[in-house]
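Student:
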Amino acid sequence: MPLTALDVANRLQSTVLGEPNRPITGAAILEDAAPDQIAYIKDAKKIAKGLESAAGTLLIPPAAVEKVTESNCDKSLIVVDDPQEAFLQLVAHFHPEPTPVSIGISEHAFVAPTAKIGEETDIHPTAVIEDGVEIGARCVIHPGAVIGRGSRIGNDCVLYPHVVLYPGMQLADRVVIHACSVIGADGFGYRQIKGEHVKIPHYGTVIIEDDVEIGACTTIDRSFLGATRIGRGSKIDNQVMIGHNCNIGRHNILVSHVGFAGSVSTGDYVICAGQVGVADHVHIGDGAVLGAKCGVHKDLPGGVTYLGTPATPESETIRQVMALRKLPELRTKVKELETQIQQLQEQLRQQLNDDRSQCSAA
Amino acid sequence: MPLTALDVANRLQSTVLGEPNRPITGAAILEDAAPDQIAYIKDAKKIAKGLESAAGTLLIPPAAVEKVTESNCDKSLIVVDDPQEAFLQLVAHFHPEPTPVSIGISEHAFVAPTAKIGEETDIHPTAVIEDGVEIGARCVIHPGAVIGRGSRIGNDCVLYPHVVLYPGMQLADRVVIHACSVIGADGFGYRQIKGEHVKIPHYGTVIIEDDVEIGACTTIDRSFLGATRIGRGSKIDNQVMIGHNCNIGRHNILVSHVGFAGSVSTGDYVICAGQVGVADHVHIGDGAVLGAKCGVHKDLPGGVTYLGTPATPESETIRQVMALRKLPELRTKVKELETQIQQLQEQLRQQLNDDRSQCSAA
Amino acid sequence: MPLTALDVANRLQSTVLGEPNRPITGAAILEDAAPDQIAYIKDAKKIAKGLESAAGTLLIPPAAVEKVTESNCDKSLIVVDDPQEAFLQLVAHFHPEPTPVSIGISEHAFVAPTAKIGEETDIHPTAVIEDGVEIGARCVIHPGAVIGRGSRIGNDCVLYPHVVLYPGMQLADRVVIHACSVIGADGFGYRQIKGEHVKIPHYGTVIIEDDVEIGACTTIDRSFLGATRIGRGSKIDNQVMIGHNCNIGRHNILVSHVGFAGSVSTGDYVICAGQVGVADHVHIGDGAVLGAKCGVHKDLPGGVTYLGTPATPESETIRQVMALRKLPELRTKVKELETQIQQLQEQLRQQLNDDRSQCSAA
Chain A
1 MPLTALDVAN RLQSTVLGEP NRPITGAAIL EDAAPDQIAY IKDAKKIAKG
51 LESAAGTLLI PPAAVEKVTE SNCDKSLIVV DDPQEAFLQL VAHFHPEPTP
101 VSIGISEHAF VAPTAKIGEE TDIHPTAVIE DGVEIGARCV IHPGAVIGRG
151 SRIGNDCVLY PHVVLYPGMQ LADRVVIHAC SVIGADGFGY RQIKGEHVKI
201 PHYGTVIIED DVEIGACTTI DRSFLGATRI GRGSKIDNQV MIGHNCNIGR
251 HNILVSHVGF AGSVSTGDYV ICAGQVGVAD HVHIGDGAVL GAKCGVHKDL
301 PGGVTYLGTP ATPESETIRQ VMALRKLPEL RTKVKELETQ IQQLQEQLRQ
351 QLNDDRSQCS AA
Chain B
363 MPLTALDVAN RLQSTVLGEP NRPITGAAIL EDAAPDQIAY IKDAKKIAKG
413 LESAAGTLLI PPAAVEKVTE SNCDKSLIVV DDPQEAFLQL VAHFHPEPTP
463 VSIGISEHAF VAPTAKIGEE TDIHPTAVIE DGVEIGARCV IHPGAVIGRG
513 SRIGNDCVLY PHVVLYPGMQ LADRVVIHAC SVIGADGFGY RQIKGEHVKI
563 PHYGTVIIED DVEIGACTTI DRSFLGATRI GRGSKIDNQV MIGHNCNIGR
613 HNILVSHVGF AGSVSTGDYV ICAGQVGVAD HVHIGDGAVL GAKCGVHKDL
663 PGGVTYLGTP ATPESETIRQ VMALRKLPEL RTKVKELETQ IQQLQEQLRQ
713 QLNDDRSQCS AA
Chain C
725 MPLTALDVAN RLQSTVLGEP NRPITGAAIL EDAAPDQIAY IKDAKKIAKG
775 LESAAGTLLI PPAAVEKVTE SNCDKSLIVV DDPQEAFLQL VAHFHPEPTP
825 VSIGISEHAF VAPTAKIGEE TDIHPTAVIE DGVEIGARCV IHPGAVIGRG
875 SRIGNDCVLY PHVVLYPGMQ LADRVVIHAC SVIGADGFGY RQIKGEHVKI
925 PHYGTVIIED DVEIGACTTI DRSFLGATRI GRGSKIDNQV MIGHNCNIGR
975 HNILVSHVGF AGSVSTGDYV ICAGQVGVAD HVHIGDGAVL GAKCGVHKDL
1025 PGGVTYLGTP ATPESETIRQ VMALRKLPEL RTKVKELETQ IQQLQEQLRQ
1075 QLNDDRSQCS AA
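Residue numbers (my numbering), protein chains in the order written: chain A, 1 to 362; chain B, 363 to 724; chain C, 725 to 1086.
1) Name the residues in the segment 559–571 of chain B whose C-beta lies less than 9 Å from a C-beta of chain A; which are they?
2) Tell whether a beta-carbon distance below 7 Å holds between B/G629 and B/G577.
3) If you reduce the DSSP assignment to three classes, tell me which class A/D355 lands in.
4) Measuring only between beta-carbons, confirm whether A/V272 sits less than 7 Å from chain C.
5) For B/C435, which residues of its own chain have a beta-carbon under 6 Å away from its beta-carbon, when the five flanking residues on both sides are left out?
6) So, B/G546 versus B/Y528, is the Cβ gap smaller than 7 Å?
7) What are the residues of the segment 234–252 of chain A that lie near chain C, defined by any Cβ-Cβ distance shorter than 8 Å?
8) What ranges does the alpha helix (DSSP H) occupy inside the segment 367–396 of chain B, keeping only unbroken runs of at least 4 residues that lie completely in it?
9) Can you give the beta carbon distance from B/K437 to B/L420, rounded, assuming they're within the 8 Å contact cut?
10) Which term fits A/V240, buried or exposed, when burial requires 16 or more other beta carbons within 10 angstroms of its beta carbon?
11) Can you grab the Cα-Cα spacing for the pair A/K363 / B/Q682, in whole Å?
12) Answer yes or no: does any C-beta atom of chain C fall closer than 7 Å to that of A/T219?
13) Using only the alpha-carbon positions, how far apart do C/Q808 and C/A903 sit?
14) Please confirm if A/T339 has its CB atom under 7 Å from at least one CB of chain B.
15) Is the CB of A/D32 under 7 Å away from at least one CB in chain B?
16) Is the beta carbon of A/A172 closer than 7 Å to that of A/A145?
17) Tell me, please, whether the CB atom of C/G868 is closer than 7 Å to any CB atom in chain A?
18) Using 6 Å as the cut-off, classify the Cβ of C/S777 as near or not near the heavy atoms of the ligand PLP, replying yes or no.
19) Can you have a look at A/G104 and say buried or exposed, based on whether 16 or more other CB atoms are within 10 angstroms of its CB?
20) Under 7 Å between the Cβ atoms of A/E213 and A/K235?
21) Relative to the C-alpha of C/G878, which residue among C/P759, C/E844 and C/P867 is closest?
22) Would you identify the three-state DSSP class for C/A832, choosing helix, strand or coil?
23) Which residues, in order along the segment 1031–1057 of chain C, keep a beta-carbon less than 9 Å from a beta-carbon of chain F?
24) Between C/S905 and chain A, is there a C-beta pair that is closer than 7 Å?
25) Under 8 Å by Cβ, that's how I've got C/L1076 and A/Q351 pegged, so tell me the actual separation to the nearest angstrom.
26) Classify C/T793 as buried or exposed, calling it buried when 16 or more other Cβ atoms lie within 10 Å of its own Cβ.
27) Distance, Cα to Cα, C/L814 vs C/V732?
28) How would you list, in chain order, the residues of chain B whose beta-carbon sits under 8 Å from the beta-carbon of C/A839?
29) Answer with yes or no whether the minimum CB distance from C/H886 to chain B is below 7 Å.
30) Restricting to runs no shorter than 4 residues, where is the alpha helix (DSSP H) found entirely within the segment 296–343 of chain A?
31) Got a sec, what are the start and stop residues for the alpha helix (DSSP H) A/A92 sits in?
32) Give the straight-line distance between the Cα atoms of B/G480 and C/K1022, rounded to the nearest whole angstrom.
33) My guess is that B/G636 and B/F586 are in contact by the Cβ rule of under 8 Å, so how many angstroms apart are they, rounded?
34) Decide if B/M531 is buried, meaning its Cβ has at least 16 other Cβ atoms within 10 Å, or exposed.
35) Note down, in chain order, every chain A residue with its Cβ under 8 Å from the Cβ of B/T488.
36) Can you give the Cα-Cα distance for C/L727 and A/P201, rounded to whole angstroms?
Have a look at this one:
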């Protein structure tokens, strides 16, 4: 359903600078936007880029207005305090979700008679719900998901296809787990006895708190005793590995291919960029940010951005990288200095001899 | 069915140097080959290794002939322009594939009535094909594969067990996806609002062009709007992560554990070795080669081989690594120079005093 | 079923130091233990930590006894030679496993008529067993596992949900594979012909020897010819990638996100910590230990601990890292030396002039 720039401004309780009747048939990011689409800039600094784009209509923040003149702008502009927020509303308008069709419990799902399933919960064909499982209301259990015996799942959770919960897992409310992720496999622990690696049985569970989202092909191992825990509101990307007995704080962001060994703990609002690795028993403080590929082998205070392996505060790592780049020329320089020193030594020796000869002469 | 060296030479329109009647019962790589097997060397430089091997018969390139004499060779040799190509033909001869059995649409698959399935396409038990899906001809959909509603798949595609396509995915012709890979999970995007990470809905799709092969347990996320795209003929290994809105060029090679953050784009013929990581919005030019474990945080021109983190042209990285190895001894050297300078300073001071005393004496 | 300290001591053929009637209702690791629980210290050096803990009863090694006095200890102590072993026994006592319920071959599993299934083997709903498969006795094949045609599995194996064996795989006895792992996908090999990457067909298999355990979402590719092999007793964590034609020795430990390219071979008792990457055709010797994130591009002798990329013996890497940290200050130092040398040169020149003037004067 197409709109005009004025329609959009009205919806956002704002007004249009420029042509109010410009048609808007869709929303797109700046790089892709066409003249009949609306785009946005998040920051006034991006206004030049916005004005150069092909978008017909732009959402801009108040600070960008002063940078616009009639001569540099042929677009319709709508000024809002949070252009990204407004843009996401418009995107939703142009991409109406299909009304979800309730399927209830499929006759082709395998639900143990002792399982308890909440109201309005969908269980798709080929899903397997084992003995004693409890699932809350309004959940969607996609095809092939396997919920091990005795697991408990709260309300409004979504398990995408082939998610596996080993027995005894605990998910709170509004937990989303993407396809082929595995929650609760045994921790990786062995004792070496007479040359054999003998398995340490893992009796614990995984507790996933409210509003956690977990990507595809991610693995979170059960603890030895007690629980591996993912704190409320944390978001975990695809192909992340969380070892046994980890205790992840609230509102963490863990990007793809991050690996945590056993018993790692994090504070709240920790961010790990892609491919970060953390050794066992390490604690990472509140609000720490670990740059991509960081390797962490000891506790890190919070509130600091780290880079590199071993993880080091950002500015220090950058100094090291810069110094390393100039290391070959430093080596050359040191060789030059060495030569100069030898020359000085030689000169000095010469001069001493000269002095002596002079003295003798004298 | 065993052959002689002469049989093989005839098939390859070549002739035999040495014993023509040597029996060949199989093909093997050089390291594993036995006297009744045929092996190959790709390059004339490997002729010594070939002659030392236990293989009874060798495929060699023309340039290798001059390095062979009666005294150093007890094998049957067959000279061909492309020994690897010839070898692969023979391997195929000795490993006849079982005739594929057409199973059609299994009665134990779950195919929505609104789905359209092409001719000679097999759909195995426990596969799930949702509403509005279209699948072309001669495809094989293995057990447990889940094709989300409205997805479109071309001709001659193979989806191995448990491959998951989220709704709305688009696969062209001859696309192969190995087991447990997930195409189209939500991009990893959140906005922080009042201390919560609020999900940015992802409305886009994934477009996989002709002749793309994707390994096992690989994940390719859907875009925010528009499409994440994998260009024609690109080959992606196991456990690779491609973030939302990536635009991968044609004929790329992405090795295992490579991770691309959101909106990465690559030119054609880009190669990423294992465990490479690329930050969001980076562009990598045509024909760039990223060595294993490269970390990329900014655009890289094509046609260059890069190593290290941050990714740096190969020769530069090697210089840095070499210099780093000698850094401890450089530190020692600088300390020595420091001492020598102090000695020089001391000597010079001494001499100056001596001069002065001499002067006074004089 | 609760015990007293004396009960436990009797079971372990030991005696109690301190209160023998202290009730023990469970076992916990030291950090988590409560007064009515038993914990352990592995090493006498940890005795102070043990005595400070909240645990009511402690298992300690003989060497720790002399460090305990009545005044520093309010706990019940039980002295045993191997406290960890004793602790694991007690944990098992307090966590009785539910008696496994034999389900036999589920009527909702898809078992080809030509497959042979051993005694007391369970095959769960939605598992798929293809033509000609042979499975030994007392195995458990969980929901969604897919066993490709002609594969052979020994006795007492466990395949967790959605494990995929491609056709022709070979598992020995007591092999455990966790959920969503994929064994036998095609090796990642292509030949570039006229600008296209043409697939090299892979005819080989994967052989997994006795007592191997493989984590979740791990991939092990089939070989070109012959077999990719995992040696007896090796333990592989989640999300590990083993390329085609690898030959892994016995009793290896490969931690999460380790990636081996094609044709890598390892000796026995090799340990790779998390996120290690090894290039193709590399051999790693017996007992080598690769620290987390090591990058290996050439053969490494056994019996050595390596760190870094390129992998370097531990002490050497640590020296390099230390030197790198001080590199910025080394640069500063070299600049200082340069200045000092210039001053020396200037002084010397000056002095020479002075001498000459003196000479002239004389």
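Note that beta-carbon positions come from the ideal geometry of N, C-alpha and C, so glycine has one too.
Tutor: With the given structure in hand:
1) H559, K561, I562, P563 and Y565
2) On the second sequence, residue 629 of chain B is found 267 positions in, with the first residue counted as 1. On the second sequence, residue 577 of chain B is found 215 positions in, with the first residue counted as 1. Contact flag unset, no.
3) On the first sequence, position 355 is the one that residue 355 of chain A refers to. A/D355 falls in the helix class under three-state DSSP.
4) To locate residue 272 of chain A, count along the first sequence from 1; it is residue 272. According to the sequence shown, residue 272 of chain A is Cys rather than Val. Output row for A/C272: interface = no.
5) Residue 435 of chain B sits at position 73 when you count from the first residue of the second sequence. Here the set comprises L413.
6) Sequence index remark: in the second sequence, residue 546 of chain B carries index 184 (1-based). Sequence index remark: in the second sequence, residue 528 of chain B carries index 166 (1-based). For B/G546 and B/Y528, yes; Cβs fall inside 7 Å.
7) Q239, M241 and G243
8) As far as the segment 367–396 of chain B is concerned, its whole alpha helix (DSSP H) runs of at least 4 residues are 367–373.
9) Against the second sequence, residue 437 of chain B aligns to sequence position 75. Against the second sequence, residue 420 of chain B aligns to sequence position 58. Indeed, because the Cβ distance is near 5 Å, the residues count as touching under 8 Å.
10) The residue given as residue 240 of chain A occupies position 240 in the first sequence. Under this definition A/V240 is a buried residue.
11) Missing from the structure shown is residue 363 of chain A; chain A here goes from 1 to 362 and no further.
12) Here the question's residue 219 of chain A lines up with position 219 in the first sequence. So, interface residue.
13) Position 84 of the third sequence, counting from 1, holds the residue named residue 808 of chain C. Position 179 of the third sequence, counting from 1, holds the residue named residue 903 of chain C. So the two alpha carbons sit approximately 29 Å from each other.
14) Position 339 of the first sequence, counting from 1, holds the residue named residue 339 of chain A. False, the Cβ-Cβ gap to chain B never drops below 7 Å.
15) Residue mapping note: residue 32 of chain A aligns to position 32 of the first sequence, counting from 1. Yes, its Cβ sits closer than 7 Å to a Cβ of chain B.
16) By 1-based counting over the first sequence, the position of residue 145 of chain A is 145. By 1-based counting over the first sequence, the position of residue 172 of chain A is 172. Cβ atoms of A/A145 and A/A172: not closer than 7 Å.
17) Numbered from 1 along the third sequence, position 144 holds the residue referred to as residue 868 of chain C. True, the Cβ-Cβ gap to chain A drops below 7 Å.
18) Questions concerning the ligand PLP fall outside what the structure shown contains, since it holds no ligand whatsoever.
19) As a first step, residue 104 of chain A is located in the first sequence; it is residue number 104 there, counting from the start. Exposed: under 16 other Cβ atoms inside 10 Å.
20) Within the first sequence, the letter at position 213 stands for residue 213 of chain A. Within the first sequence, the letter at position 235 stands for residue 235 of chain A. Closer than 7 Å, so yes.
21) The residue labelled residue 878 of chain C in the question sits at position 154 within the third sequence. Closest option to C/G878, Cα to Cα, is C/E844.
22) Residue 832 of chain C sits at position 108 when you count from the first residue of the third sequence. Residue identity differs from the one stated: residue 832 of chain C is His in this sequence, not Ala. If DSSP states are grouped into helix, strand and coil, C/H832 belongs with coil.
23) In the displayed structure, chain F is absent; the protein chains listed are A, B and C.
24) Against the third sequence, residue 905 of chain C aligns to sequence position 181. Not an interface residue.
25) Taking the first residue of the third sequence as 1, we reach residue 1076 of chain C at position 352. Taking the first residue of the first sequence as 1, we reach residue 351 of chain A at position 351. Confirmed, about 7 Å.
26) Taking the third sequence and counting its residues from 1, one reaches residue 793 of chain C at position 69. C/T793 is exposed by the Cβ-count criterion.
27) Taking the third sequence and counting its residues from 1, one reaches residue 814 of chain C at position 90. Taking the third sequence and counting its residues from 1, one reaches residue 732 of chain C at position 8. So the two alpha carbons sit approximately 8 Å from each other.
28) For the purposes of this step, residue 839 of chain C is identified with residue 115 of the third sequence, where counting begins at 1. Neighbours of C/A839 on chain B: none; closest Cβ ~14 Å, over 8 Å.
29) Taking the third sequence and counting its residues from 1, the one referred to as residue 886 of chain C is at position 162. So, interface residue.
30) 314–325
31) One-based indexing of the first sequence puts residue 92 of chain A at position 92. Looking at the DSSP string, the run of the alpha helix (DSSP H) that includes A/A92 is P83 to F94.
32) The sequence position of residue 480 of chain B within the second sequence is 118, counting from 1. The sequence position of residue 1022 of chain C within the third sequence is 298, counting from 1. About 49 Å.
33) The residue given as residue 636 of chain B occupies position 274 in the second sequence. The residue given as residue 586 of chain B occupies position 224 in the second sequence. With 8 Å as the limit, B/G636 and B/F586 do not qualify as a contact, their Cβ atoms being about 28 Å apart.
34) Numbered from its first residue, the second sequence carries residue 531 of chain B at position 169. Answer is buried; the Cβ neighbour count reaches 16.
35) Locating residue 488 of chain B in the second sequence gives position 126, where the first residue counts as 1. For the C-beta of B/T488, the chain A residues within less than 8 Å are, from N- to C-terminus, T126 and G144.
36) In the third sequence, residue 727 of chain C corresponds to position 3, counting from 1. In the first sequence, residue 201 of chain A corresponds to position 201, counting from 1. Whole-angstrom Cα-Cα distance: 21 Å.
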